[in-house]
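Have a look at the structure below, then the notes.
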Amino acid sequence: MFRIRILPTVTFLFLVGALLSCTTPFKQGMKSYENIEFHKAIGHFEDALKKGGDKAKINQFIAESYRRSNRIREAEPYYKAALDANSSDDEVRFYYAMALKANGKYEEAKQRFELYSTSGGNTDLIRRAKSELQNFDKIKEILSKKTYFEVENCQALNTEVAEYGPVVYNNQLVFTSARKDETYLGTGAKKEGIYVYEFNNLDQCQGSARMFDANLNLSNANEGTPAFAHDGSFVIFARSGTGEKGDANDVHLYISRRAEDGWSEPEILPYPINISQSLYEAGNQELQGSKGDYWSAQPAISPDGKRLYFVSDRPGGSGKLDVWRADISSGGRISNIRNVGSSLNTLGNELFPYVSEAGVLYFASDGHPGIGGLDIFEAVRIGGKTTIKNLGVPMNSYGDDFGLVFRDDTTGYFTSNREGGKGNDDIYVFHDVTPDKKIVRYNLVINVLGFDKSKPDQGEYPLSSAKVGFYKGDELHKGQKLHDFETSTQGKTPVFPLTDIRADYTIYAEAGEEYLKKEVDYTLVGSFIPQEILDQMEEHEIDTTYEVDVVLEKIIVSETLDYDSTYVTELEINFDFNKYDIRPDAAVELDKFVVFLKDNPQIIIELSSHTDAVGTDPNNEVLSQNRAESTRAYLVDKGIEPNRIVAKGYGERYLKIKTEDAEERNRRTEFRIIGIARKRR
């Protein structure tokens, strides 16, 4: 379900009027077809064929039922039968060509695309036909290209039903599979859920599978394609199919947070990550003139935890399903959604994005030059230009290949419905056996800079004699201290090696009483030298040095609530409508703020809390004060001295977004320095 959407009905509508003269099996087939119950529809249509019905109409509906339930390879003989019976439908000709290509019949497919490109009646499909013709010129090159991958079916994991979308989490393999008890009417298979495979023999891909978590798996829904936060604090996944019909476009992204006793009840992510009919009916201006429901699924989070990638058919894309990306905070707040661009997205479908620790974006596509249905590609950005490369054979086949993830530098998993599997989609393990790999040594130098917000024209300046600690572990869980430095007159530390290039690190810097101390996370993940550049280097052993800037703000006391004055950080937490309790996403941010306050015991802060413009002024004054007090109570409970925190509610006086609607960004608490508690000695 989640690997590609059940395609909406966009063609053959002229045939509905023919229902009045159809035999009973055909009527039943049409009813199931319109309800997006394609498995049932195929059975009824086959009965109609046996009774001598209209071969052109019935075969094309069987073919469409297969195609729209993601089984276009099985649709080929029915498209041919419809055309042999003189079907007059224009789009049958195009999709017959697509089915031929999916089955590796390139010459026949090429002839059909050429014919449609000159005589087709659908402008969009004519463009796709022309694009497919251009892609055919590269198939021979892809098939003959030398690659160094070895692939093997994970026999012990796979079954006769679908297993796909592997994700490595806590040294286990989390995947999607059609193993639930209820049947999904769109395909006739069991509904899909999220499962976990615990290895007892990693090299042999042997182990046992179980349902991942009951809260993430409803009996009457499809769930799948999970993406875990960098620190495992939350998971984003897709859910659909809770209605009585096939629910073609009822696919949205949900978030669940990890707690001591398991995973929390999932919550649907708000607009604009999900665009639903209810938002459309509410009159959202950005959705006017649109169809209301859009498909959002297949999330992936970048290794540094700062980007969310997902797949959607929302407006603004290049083709059918496109890859989109957004910014995501450590607490799961999503913003700044945008399309990744036409260099990656095509007129066809782009699916299953995944960013490796080397910073390479992998995805599946049926629009880029490929040898089957979906092929796996990598997108590498070098010198400001994105290069798309087909991974070749054996990673790709005549079937659908998608959902690649890495377990380590040379090993990973992907999904394929190629010949020789155990049934439907199977999970495969791959090994990269590229000979004579380059040896790369990564080094780091830290620049400590100062910044005075009262003198912005001065810019950032080096801080000499600043003390720097370099730890293994993230900001909240610092482990072993690896280095102690004092910066030079240029504000620099000595150059030092990163011995564990996949570890999380924390940089701690201070420069006396005038400046706020700072702790920042650092990781090399996502910044490794791309293989394409390494291949161009003559040296077998390569040394490269990265620089990271740590900017310390000069302490400025803000006497009034002035947004041009100095706030402690850009930290801001939000609240639910008419509530003042601390949400889980806010708690994540506050825990980081606790570290900041403990590192800077000399400062006194104000918690400035606000409301939206809904409700009366007196009620909003009380609500905002309650929000400030609940934030203060959280910090005190974490060990911050009460006399360092002033809680102040401002009601709706300082709207961040000028609107009378219930805007979440107005329901917030912000943080600013209002005094110095004491000088350290």
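At position 285 of the sequence shown (counting the first as 1) the number is 293 in our numbering, and the numbers step up by one without a gap. Glycine residues also receive a C-beta, built at the ideal position from the N, C-alpha and C atoms.
CB residue 674 to CB residue 607, shorter than 7 Å?
Cβ distance not < 7 Å, so residue 674 and residue 607 don't count as in contact.
Can you find the residues in the same chain that come closer than 7 Å, C-beta to C-beta, to residue 252, ignoring five residues on each side of it along the sequence?
Confidence at residue 252 is low in this model, with a pLDDT of 45, below 50, so the placement of that residue should be treated as unreliable; the coordinate-derived value is given next. Contacts found: none.
Euclidean distance between Cα positions of residue 374 and residue 367:
Whole-angstrom Cα-Cα distance: 23 Å.
Please determine, among 98, 106, 396 and 189, the residue with the shortest C-alpha to C-alpha distance to residue 76.
Looking from the CA of residue 76, the closest CA among 98, 106, 396 and 189 belongs to 106.
What is the DSSP secondary structure of residue 450, reduced to helix, strand or coil?
Strand, per DSSP.
Through-space distance from residue 344 to residue 565, alpha-carbon basis
The straight-line gap separating the alpha-carbon atoms of residue 565 and residue 344 is approximately 32 Å.
How about residue 655 and residue 637: do their beta carbons lie closer than 7 Å?
Taking 7 Å as the Cβ cut-off, residue 655 and residue 637 qualify as a contacting pair.
Taking just the CA atoms, how far does residue 96 sit from residue 414?
Spanning the two alpha carbons is a distance of roughly 47 Å.
Determine whether the beta carbon atoms of residue 7 and residue 579 lie at a separation below 7 Å.
Outside the displayed range of the chain (9 to 689) lies residue 7, so it cannot be described from this structure.
Alpha carbon of residue 347 to alpha carbon of residue 324, nearest angstrom
Their backbone Cα atoms lie some 7 Å apart in a straight line.
CB of residue 133 within 7 Å of CB of residue 183, strictly:
Going by C-beta atoms, residue 133 is not nearer than 7 Å to residue 183.
Would residue 304 and residue 359 qualify as a contact pair, given that the criterion is a beta-carbon distance under 7 Å?
For residue 304 and residue 359, no; Cβs fall outside 7 Å.
Inter-residue spacing [alpha-carbon to alpha-carbon] between residue 470 and residue 501
C-alpha separation (whole angstroms): 11 Å.
Alpha helix (DSSP H) runs contained entirely in the region 23–99, provided each spans 4 or more residues
Entirely contained in the region 23–99, the alpha helix (DSSP H) runs reaching 4 residues are, in chain order, 32–42, 46–58, 63–76 and 80–92.
Member of 47, 439 and 473 whose CA lies at the smallest distance from the CA of residue 412
It is 439.
Give the secondary structure of residue 207 by DSSP, where H, G and I count as helix, E and B as strand, and everything else as coil.
In the three-state reduction of the DSSP assignment, residue 207 falls in the strand class, which pools E and B.
What number of angstroms, rounded off, separates the C-alpha of residue 60 from the C-alpha of residue 192?
Going from the Cα of residue 60 to the Cα of residue 192 covers about 30 Å.
Once DSSP output is grouped into helix, strand and coil, what is the label at residue 655?
Correct three-state label for residue 655: strand.
Residue 314 in three-state terms, based on DSSP:
Assignment of residue 314 by DSSP, reduced to helix, strand and coil, places it in the coil class.
What is the rounded straight-line gap between the Cα of residue 138 and the Cα of residue 379?
Near 16 Å, if we compare the C-alpha coordinates of residue 379 and residue 138.
Within the chosen definition, does the region 513–531 reach the region 421–436 through at least 3 CB pairs nearer than 8 Å?
Below 8 Å, too few C-beta pairs join the region 513–531 and the region 421–436 to call them touching: fewer than three.
On the three-pair Cβ rule with 8 Å, is the region 85–95 touching the region 110–117?
Segments in contact, no.
With DSSP as the reference, label residue 671 as helix, strand or coil.
Three-state DSSP puts residue 671 in coil, outside helix and strand.
Residue 639: first and last residue of the uninterrupted alpha helix (DSSP H) it sits in:
For residue 639, the enclosing alpha helix (DSSP H) starts and ends at 625–645.
Grouping DSSP H, G and I as helix and E and B as strand, with all else coil, what is residue 602?
Helix, per DSSP.
Cut-off 7 Å between Cβ atoms - residues of its own chain near residue 326, not counting five sequence neighbours on either side:
Closer than 7 Å at the Cβ level, and outside the excluded window around residue 326, lie 350, 353, 354 and 355.
Residues near residue 403 by beta carbon distance below 8 Å, same chain, minus five either side
Hits under 8 Å: 155, 157, 159, 384, 409, 412, 422 and 438.
Any idea if residue 37 is buried or exposed, counting beta-carbon neighbours within 10 angstroms, 16 or more meaning buried?
Flag for residue 37 reads buried.
Secondary structure of residue 108, DSSP reduced to three states
Residue 108: helix per DSSP, three-state reduction.
For residue 670, I'd like the list of residues in its chain whose CB is within less than 6 Å of its CB, leaving aside the five on either flank, ordered along the chain.
Once the five neighbours on either side are set aside, the close Cβ partners of residue 670 are 585, 620 and 622.
Would you say residue 317 and residue 308 are within 7 Å of each other, going by their C-beta atoms?
It is a contact, given that the beta carbons lie within the stated cut-off.
When you compare only the Cα positions, how much space is there between residue 643 and residue 582?
Spanning the alpha carbons of residue 643 and residue 582 requires a straight line of approximately 16 Å.
Neighbourhood of residue 64 by C-beta, 7 Å cutoff - its chain only, sequence neighbours within 5 removed:
Contacts found: 90, 93, 94 and 95.
Does the contact criterion of 3 or more C-beta pairs under 8 Å hold for the region 511–523 versus the region 540–553?
No: the two stretches stay apart, fewer than three of their Cβ pairs being nearer than 8 Å.
Which value, in whole angstroms, describes the spacing of the CA atoms of residue 220 and residue 167?
Put simply, the backbone Cα of residue 220 is about 17 Å away from that of residue 167.
On the CB-based measure, 16 or more other CB atoms within 10 Å of its CB, does residue 549 come out buried or exposed?
By the C-beta density criterion, residue 549 is exposed, having fewer than 16 other C-beta atoms within 10 angstroms.
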